[in-house]
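Written below as structure tokens is the structure these notes are about.
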Amino acid sequence: MSESDTASLRVLVAVAETGSFSAAAGRLGVTQQAVSARMRTLEARLGVPLVRRSARGSAMTAEGSVIAGWAADVVSAADVFAASVRTLVEADPAPLRVAASLTIAEYLVPEWLHRLRVAGAPAVELTAANSAAVAESVRAGRADIGFVETPTAPTDLASRRFATDELVTVVAPGHPWARRISGVTPTELATRPLVVREAGSGTREALDLALDGREDRAVPAAVLPTTAMVRAMAAAGDAPAVLSVLAVTEALRAGTLVRVRVRGLRITRPLSVVWARGTELSTPARALLDLIADR
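Structure, rendered in structure tokens:
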């Protein structure tokens, strides 16, 4: 039904409810002539006399009264439909739920979110956790997409690699390794108690994989739940740490940490985005992935 049809039915309902063309015109905010013209057009289209006109005024015919009742239902339904569509269009879109590993959340996500907001994208709800928890959030439907830093992405989730990260060994300026110009060996790294992240962390998994198979692996000096805590403990001089270069760049520049070369060992890992297999990514999620791909 066109807008013109609905407008004509609205005029019919107004005439039936008010009892006259002039009263209907007042309700609708149009002229009496416009109401009369609408009624004549509607009668011609339906082939049924809707109003009986006389010198004393006008009155609904029997057919007109019945049709006006039907028209009232149509007009009411059209109003409900229009209001529902308006509410849908005007409502704020659902936020994009993102889960990200701690390193990615702290050092990469803020720039992404800024660029999304500049582009007019909807709000983002960010949850930061270790990579294992991020993957579980995506599996459970608590996050639309997730960002992980494990050596291999979870095989039960769809994934896309977007960057490569490097893990570096760092110590406090007063640590003996800070003066080792030649660096240290992988064996020395494996046998020295380190400050490490917890199991489930992508940083911990990458380190364990790099030192896998060494029976003389030392017990960690400390196991901490965040990168910031590991970095702070290493800077305090307690023990070496192996962290993402993203997480220690500022500390290296400030001189609160010193990078130690590990001869013959370079630890890298992929940074990946994951989402549930078989699901269609939302427009905001695709926009975020496109933004990352253009970095």
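Here the sequence shown stands for residues 1 to 295, where the numbers follow full-length UniProt numbering.
Where a beta carbon is used, it is the ideal one built from N, C-alpha and C, also for glycine.
Check: With H, G and I counted as helix, E and B as strand and the rest as coil, what does DSSP make of P220?; Outcome: coil
Check: Starting from the C-beta of A221, find all residues in its chain whose C-beta is less than 7 Å away, skip the five residues before and the five after it, and write them out in chain order.; Outcome: P193, L194, V195, D238, A239
Check: Write down the C-beta distance between L9 and V74 rounded to the nearest angstrom, noting that I regard them as a contact closer than 8 Å.; Outcome: 6 Å
Check: Taking the CB atoms as reference points, tell me whether L12 and A68 lie closer together than 7 Å.; Outcome: yes
Check: From Y107 to V219, what does the alpha carbon distance come to, in whole angstroms?; Outcome: 29 Å
Check: Could you tell me the distance, in whole angstroms, from the CA atom of G174 to the CA atom of T203?; Outcome: 24 Å
Check: What would DSSP say about I145, mapped onto helix, strand or coil?; Outcome: strand
Check: Let me confirm a value: G64 is counted as buried when at least 16 other C-beta atoms fall within 10 Å, else exposed. Which label applies?; Outcome: buried
Check: Just the C-alpha distance for A72 and S54, rounded to the nearest angstrom, thanks.; Outcome: 25 Å
Check: Could you give the DSSP three-state label for I181: helix, strand or coil?; Outcome: coil
Check: What residues in its chain sit with their C-beta under 6 Å from that of L207, if we drop five residues either side in the sequence?; Outcome: V242
Check: What are the residues that DSSP puts in a beta bridge with R161?; Outcome: S272
Check: Nearest by alpha-carbon distance to R160: which of T18, A276, V66 is it?; Outcome: A276
Check: Could you check the C-alpha separation between M7 and V124 for me, to the nearest Å?; Outcome: According to the sequence provided, residue 7 is Ala. The question's Met does not apply to it. Distance between the alpha carbons of A7 and V124 is about 42 Å.
Check: List the DSSP bridge partners of R97.; Outcome: E125
Check: Between E166 and the rest of its own chain, which residues show a CB-CB distance below 6 Å, the 5 nearest in sequence each way excluded?; Outcome: V245, T268
Check: For A59, which residues does DSSP report across the bridge?; Outcome: R52
Check: Between R38 and the rest of its own chain, which residues show a CB-CB distance below 6 Å, the 5 nearest in sequence each way excluded?; Outcome: S8, V11
Check: Report the option in Q33, G57, E149 whose CA atom is closest to the CA atom of A99.; Outcome: E149
Check: Which of helix, strand or coil does DSSP assign to L167?; Outcome: strand
Check: Counting along the chain, where does the alpha helix (DSSP H) carrying V248 start and finish?; Outcome: 245-254
Check: Using CA atoms only, rank isn't needed, just tell me which of D79, S36, T187, S272 is closest to T155.; Outcome: S272
Check: Have a look at the DSSP bridge pairing and note the partners of I267.; Outcome: L167
Check: Give the C-beta separation of T145 and A285 to the nearest angstrom, bearing in mind that I take them to be a contact with Cβ-Cβ under 8 Å.; Outcome: First, the amino acid is wrong: residue 145 is Ile here, not Thr. Correct: roughly 5 Å between the Cβ atoms.
Check: Alpha carbon to alpha carbon, how far is G26 from M1? Give it in angstroms, no decimals.; Outcome: Bear in mind that a pLDDT of 48 at M1, under 50, signals an unreliable position, so the model cannot answer this.
Check: Whose C-alpha, out of R214, V260, G141, is nearest the C-alpha of P176?; Outcome: V260
Check: Give me the DSSP bridge partner(s) of V74.; Outcome: In DSSP, V74 forms no bridge with anything.
Check: Measuring CA to CA, which of E280, L252, D5 is closest to A172?; Outcome: L252
Check: When burial is assigned at 16 or more other CB atoms within 10 Å of the CB, is A263 buried or exposed?; Outcome: Per the sequence shown, residue 263 should be read as Arg rather than Ala. Classification for R263: exposed.
Check: Take V109 and list the residues in its own chain whose beta-carbon comes closer than 6 Å to its own, dropping the five residues that flank it on each side.; Outcome: A100
Check: Excluding the 5 residues preceding and the 5 following L102 in the sequence, name in chain order all residues of the same chain whose CB lies nearer than 8 Å to its CB.; Outcome: A128, A129, N130, S201, T226, T227
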